[in-house]
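Q: I have a structure I would like to understand better, so I am pasting it below and will then ask my questions one at a time.
Residue numbers (the UniProt record's numbering), protein chains in the order written: chain A, 1 to 212; chain B, 1 to 212; chain C, 1 to 212.
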């Protein structure tokens, strides 16, 4: 089914992405003082929701749900957060690094899967971005916040950039893992650059800024 | 696949509906001070979500996502809102008119598609209403508001009325576009009538009113 | 399709569960002062959403939407709540009993359906729990609250316990309705025990409690 990328590599990218996203969800739940079940659910939602939405939009049964390894990765992240949350929380920067790794892995794997199922390149880029940001959006909705990704910070743009690199490579006829890995790395770099320098996406069109 | 309505007409109804709904989503995002990405996402959500939910409930891969024209219509609405939002915002009434047009078009096309795929008439009316109001509900959830459609104004009722007209026509054996267009027009008229006279759906049963 | 459980029994379990969950959704809507449409929609969401999410995660078209009897059960619950809501509201305990009955029925039927479609036992337990708690989570999101199930009370754990009993029975080779009914009863009992004694799921790991 997956013709583009080495299946084992794709699986590992996805499992690692699920776990690190699960950590980011579980830590948000610990901060919001949810109970043990809430922490595990938030981990699972952030780790799995992006992939589930991706598969529903492609029109195939959600793979991440049928394969117990994804459930185990997301659940393990939740248990880690519940028991070690306050300790992990001190390493804010570490969590952002994990989250950026997950973003890079998911945007690339989402775009690759969309191409595998015959969607066009533009749709594949959008689907890659949705796979990357979907879990975090749902996390914010469940915690009753306007999704961060809609309000501030460079988050969706790195995901779209990473997905675009993977799609461009495939469109150029390459089936090697070079382009997807390059896309994931570029997404990670742009995201961390934005975190480091506190860059937000523009909130109003450039020409209006002078009139304030 | 689409036997009931002229496919080209159905496509155009859907594309125009997607664009005008996209405008309503994008303007809400501008008002909530989201960044450029948030504006485009809200446009896409309001423009596309109704149709995506409709297709998932029917059990087919979401058509609006595979067809780049829907993505382009929703994305264009977002870009227009980001650059011209404050100007558009002055024309509140204009936006409500657009929104009512979208509501009419979506409730009719949603009901028609449900019949095309063999759902019963009652399900088709409900699915038409969901197609019409789904995007707006998701918009309100993302902006952390209780969906307007659940609290006030005649919004779901016009959508159900329009869908019912389209379904009645089909049940009567007609495949002409007269009934769907009549349904869309009736939905538009009822909605604008409600806006004009500030009519809300009843909040408590009639017999209780005297006891207050 | 349904090999495990007597189809008529499964249907009735599901219809009764849909109605009692619909009551719990409609009463929450009456309390939040939604209009008549909002009350019916909340009833439908809480009554139907768990099953719809279950079917989407399994990868089949949502059965509860195609079958008018589910729509009728959920809609009837909404109408009852709109007209008799304040009266019903006085019987808070009664509502919690209904809700616990629905939880028991849904977790068992969700797990059974997952097994029928070839998912593994762990996935079936999780899917059973999602079927039970999904509607209530969506109800809280629409009413702009952090889902109760994530914050307090024994709610997800009884659902998982009930689903596990049904799955264990099937894994042991039994196709009789004994295990599912036992699972539903056990879920109901654990849930009501939690309500009676006000037990919450733990909010922090046990070993940390002494350090506070």
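Don't be surprised by glycine CBs; every beta carbon is placed ideally from N, CA and C.
Taking the alpha helix (DSSP H) that residue 145 of chain C belongs to, which residues open and close that run?
A: Here residue 145 of chain C refers to the residue found at position 145 of the third chain. Here residue 145 of chain C belongs to no alpha helix (DSSP H), and DSSP marks it neither H nor E.
Q: With DSSP as the reference, label residue 18 of chain B as helix, strand or coil.
A: Working through the second chain from its first residue, we reach residue 18 of chain B at position 18. Residue state, collapsed to three classes: helix.
Q: Of all the CB atoms in chain B, is at least one closer than 8 Å to the CB of residue 77 of chain A?
A: One-based indexing of the first chain puts residue 77 of chain A at position 77. No - not a single Cβ of chain B is within 8 Å of the one on residue 77 of chain A.
Q: Only counting runs of 4 or more residues, tell me where the alpha helix (DSSP H) segments fall wholly within the UniProt domain "Glycine transporter" (11 to 84) of chain B, in order along the chain.
A: Listed in chain order, the complete alpha helix (DSSP H) runs (minimum 4 residues) inside the UniProt domain "Glycine transporter" (11 to 84) of chain B are 36 to 58 and 63 to 66.
Q: Quick one: list the residues of chain C neighbouring residue 122 of chain B, beta-carbon separation under 7 Å, in chain order.
A: On the second chain, residue 122 of chain B is found 122 positions in, with the first residue counted as 1. Result: 68 and 71.
Q: Note down, in chain order, each residue of its chain lying with its Cβ closer than 8 Å to the Cβ of residue 114 of chain C, except the 5 sequence neighbours on either side.
A: Here residue 114 of chain C corresponds to residue number 114 of the third chain, with the count starting at 1. Closer than 8 Å at the Cβ level, and outside the excluded window around residue 114 of chain C, lie 54, 58, 123, 124, 127 and 128.
Q: For residue 158 of chain A, I'd like the list of residues in its chain whose CB is within less than 6 Å of its CB, leaving aside the five on either flank, ordered along the chain.
A: As a working mapping, residue 158 of chain A is identified with position 158 in the first chain. Once the five neighbours on either side are set aside, the close Cβ partners of residue 158 of chain A are 187, 190 and 191.
Q: On the CB-based measure, 16 or more other CB atoms within 10 Å of its CB, does residue 193 of chain B come out buried or exposed?
A: Taking the second chain and counting its residues from 1, one reaches residue 193 of chain B at position 193. So residue 193 of chain B counts as exposed.
Q: Hey, out of C:18, C:29 and C:174, whose CA is closest to residue 68 of chain C's CA?
A: As a first step, residue 68 of chain C must be located in the third chain, where it is residue number 68. Considering only alpha carbons, the answer is C:18.
Q: Taking just the CA atoms, how far does residue 180 of chain B sit from residue 120 of chain A?
A: Position 120 of the first chain, counting from 1, holds the residue named residue 120 of chain A. Position 180 of the second chain, counting from 1, holds the residue named residue 180 of chain B. Their Cα atoms are separated by approximately 31 Å.
Q: For the structure I just gave you, are there three or more beta carbon pairs, one from the segment 164 to 184 of chain B and one from the segment 99 to 112 of chain B, closer than 8 Å?
A: Flag = yes, the segment 164 to 184 of chain B and the segment 99 to 112 of chain B touch.
Q: Here's a check: name, in chain order, each residue in its chain whose Cβ is nearer than 6 Å to the Cβ of residue 195 of chain B, leaving out the five neighbours to either side.
A: On the second chain, residue 195 of chain B is found 195 positions in, with the first residue counted as 1. Only 96 meet the Cβ criterion.
Q: Under the rule that 16 or more other beta-carbon atoms within 10 Å means buried, what is residue 176 of chain A, buried or exposed?
A: For the purposes of this step, residue 176 of chain A is taken as the residue at position 176 of the first chain. The residue in question, residue 176 of chain A, is exposed, as its Cβ has fewer than 16 Cβ neighbours within 10 Å.
Q: Given that residue 65 of chain A touches chain C, what residues does it touch there, using C-beta distances under 9 Å?
A: Position 65 of the first chain, counted from the start, is the residue given in the question as residue 65 of chain A. In chain order: 57, 58, 59, 119, 123, 126 and 127.
Q: Does the Cβ of residue 170 of chain B have 16 or more other Cβ atoms within 10 Å, making it buried, or fewer, making it exposed?
A: Locating residue 170 of chain B in the second chain gives position 170, where the first residue counts as 1. By the neighbour-count rule (16 or more Cβ atoms within 10 Å), residue 170 of chain B is buried.
Q: For residue 78 of chain B, which option in B:131, B:14 and B:48 has the closest C-alpha, if you only look at C-alpha atoms?
A: Here residue 78 of chain B refers to the residue found at position 78 of the second chain. If we check each option's Cα against that of residue 78 of chain B, B:48 comes out closest.
Q: Nearest CA to the CA of residue 42 of chain C: which residue from C:131, C:102 and C:138?
A: Counting from 1 along the third chain, the entry for residue 42 of chain C is found at position 42. With distances taken between Cα atoms, residue 42 of chain C lies closest to C:138.
Q: With residue 175 of chain B as the anchor, note down where its alpha helix (DSSP H) starts and where it stops.
A: What you label residue 175 of chain B is simply residue 175 of the second chain in a count that begins at 1. Note, residue 175 of chain B: premise wrong, no alpha helix (DSSP H); not H, not E.
Q: Can you look up residue 9 of chain A in the DSSP assignment and give me helix, strand or coil?
A: Residue mapping note: residue 9 of chain A aligns to position 9 of the first chain, counting from 1. Helix, per DSSP.
Q: Using beta carbons (cut-off 8 Å, strictly below), is residue 62 of chain B in contact with chain A?
A: Working through the second chain from its first residue, we reach residue 62 of chain B at position 62. Yes, because at least one Cβ of chain A sits closer than 8 Å to the Cβ of residue 62 of chain B.
Q: Only counting the same chain, and skipping five residues up and downstream in sequence, which positions put a Cβ closer than 7 Å to that of residue 16 of chain A?
A: Stepping through the first chain from its first residue, residue 16 of chain A is reached at position 16. Same-chain partners within the cutoff: 105.
Q: Using the beta-carbon of each residue, which ones in chain B are nearer than 7 Å to residue 156 of chain A?
A: Walking along the first chain from the start, residue 156 of chain A turns up at place 156. 37, listed in chain order.
Q: Between residue 80 of chain C and chain B, is any beta-carbon pair separated by less than 8 Å?
A: As a working note, residue 80 of chain C is residue 80 in the third chain. It does not: the Cβ of residue 80 of chain C has no partner Cβ on chain B nearer than 8 Å.
Q: Kindly indicate which three-state DSSP category residue 198 of chain A falls into: helix, strand or coil?
A: Position 198 of the first chain, counted from the start, is the residue given in the question as residue 198 of chain A. Correct three-state label for residue 198 of chain A: coil.
Q: Quick one: using the 10 Å Cβ neighbour count with 16 as the cut-off for buried, is residue 62 of chain A buried or exposed?
A: Stepping through the first chain from its first residue, residue 62 of chain A is reached at position 62. By the neighbour-count rule (16 or more Cβ atoms within 10 Å), residue 62 of chain A is buried.
Q: Among B:132, B:98, B:136 and B:81, which residue has its Cα nearest to the Cα of residue 39 of chain B?
A: Taking the first residue of the second chain as position 1, residue 39 of chain B is located at position 39. Closest option to residue 39 of chain B, Cα to Cα, is B:81.
Q: Below 8 Å on the Cβ atoms is my guess for residue 36 of chain B versus residue 135 of chain B; work out the distance and round it to an integer in Å.
A: The residue you call residue 36 of chain B lines up with position 36 of the second chain. The residue you call residue 135 of chain B lines up with position 135 of the second chain. The Cβ separation is near 20 Å, so there is no contact.
Q: How close, in whole Å, do the beta carbons of residue 22 of chain B and residue 87 of chain B come, if the pair is a contact with beta carbons under 8 Å?
A: Residue 22 of chain B sits at position 22 when you count from the first residue of the second chain. Residue 87 of chain B sits at position 87 when you count from the first residue of the second chain. Between residue 87 of chain B and residue 22 of chain B the Cβ distance is about 17 Å, and since that is not below 8 Å, they are no contact.
Q: Along chain A, which residues have their Cβ under 9 Å away from the Cβ of residue 141 of chain B?
A: In the second chain, counting from the first residue as 1, residue 141 of chain B sits at position 141. Those within 9 Å of residue 141 of chain B in chain A are 141.
Q: For residue 7 of chain A, does the count of other Cβ atoms within 10 angstroms reach 16, so buried, or fall short, so exposed?
A: As a position in the first chain, residue 7 of chain A is number 7, starting the count at 1. Result: exposed.
Q: Establish whether the CB of residue 52 of chain C and some CB of chain A are separated by less than 8 Å.
A: If you number the third chain from 1, residue 52 of chain C lands on position 52. False, the Cβ-Cβ gap to chain A never drops below 8 Å.
Q: Between which residues of its own chain and residue 165 of chain B is the CB-CB distance below 7 Å, once the five residues before and five after are set aside?
A: Numbered from 1 along the second chain, position 165 holds the residue referred to as residue 165 of chain B. So the list reads 179, 182, 183 and 186, once near-sequence residues are dropped.
Q: Quick one: what's got a C-beta closer than 6 Å to residue 147 of chain C's C-beta in the same chain, skipping five residues either side?
A: Residue mapping note: residue 147 of chain C aligns to position 147 of the third chain, counting from 1. Cβ within range, chain order: 137 and 140.
Q: What would DSSP say about residue 193 of chain C, mapped onto helix, strand or coil?
A: If you number the third chain from 1, residue 193 of chain C lands on position 193. Of the three classes helix, strand and coil, the one that applies to residue 193 of chain C here is helix, per DSSP.
Q: DSSP three-state label for residue 118 of chain A, please.
A: The count along the first chain starts at 1 and reaches residue 118 of chain A at position 118. Coil at residue 118 of chain A, not helix or strand.
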